[in-house]
Structures are given as C-alpha cells and as structure tokens.
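Student:
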Amino acid sequence: MSDPTFVEARRRLEAKDRSLRDKRMPLAQAAALVKDGDHVAIGGCLYSRTPMAVLREILRHRRSHLTLSRNLMCYEGELFLAAGATRDIIT
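Structure representation (structure tokens):
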C-alpha cells in the first residue's frame, strides 16, 4: 500500500513542465529569491570562481540570519559577518 502523499508528489513531478526555456535572470532578481534565515551554499574555491557579484547583491538586499556554507571560506564570509547578514558559517 502506497502513501497518498507520495503518490500526489509523484503525479506533480510527472506533470511538471520540462520544456527548454531561458532560466537566466538579472542578479537583483536572483538575490531577491534569498530570504532572511535561508542557507546559502557558495561555490568556487577561495579566489577561484567565487560568485562575488551575486553575494554582493544579496548583501545589498540586506538579508539577515543567513547560514553560509563553503568548502574553504575566504573574505566573503567576513563580508557577511561585517554586514550582520550571518552568524553561522559552515566550512
């Protein structure tokens, strides 16, 4: 016997629109998707491929209580701490 919530979730997944479409958006719009209290995982490694533009945009939106995750934290963690945007950093 299957769980009705699983069946409903499966039906929604099967009915999902999978057509090709442009998913790009301006940085301000992407940063607006981050809400207070969210967990933000940061890609890149130290100075290499760090998405600094989107991180600065998140700071411009004055988000708070964020949790940051990154394999090797660099100065972006300090920026978020200094701005009061985070208290929790996971490395």
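Per my numbering: the sequence shown ends with 92, consecutive numbering throughout.
We treat Cβ as the ideally placed atom computed from N, Cα and C, and that holds for glycine.
Leaving aside the five residues before and after Asp37 along the sequence, list all residues of the same chain whose C-beta is less than 8 Å from its C-beta, in chain order.
Tutor: For Asp37, where only same-chain residues beyond five positions count, the Cβ hits under 8 Å are Arg64, Ser65, His66, Leu67.
Student: If I measure Cβ to Cβ from Gly44 and keep anything under 7 Å in the same chain, skipping five residues before and after, which residues do I get?
Tutor: Only Arg50, Pro52 meet the Cβ criterion.
Student: Counting along the chain, where does the beta strand (DSSP E) carrying Thr87 start and finish?
Tutor: Segment 87 to 91, the beta strand (DSSP E) holding Thr87.
Student: Can you look up Ala84 in the DSSP assignment and give me helix, strand or coil?
Tutor: Correct three-state label for Ala84: coil.
Student: In three-state DSSP terms, what is Thr51?
Tutor: If DSSP states are grouped into helix, strand and coil, Thr51 belongs with coil.
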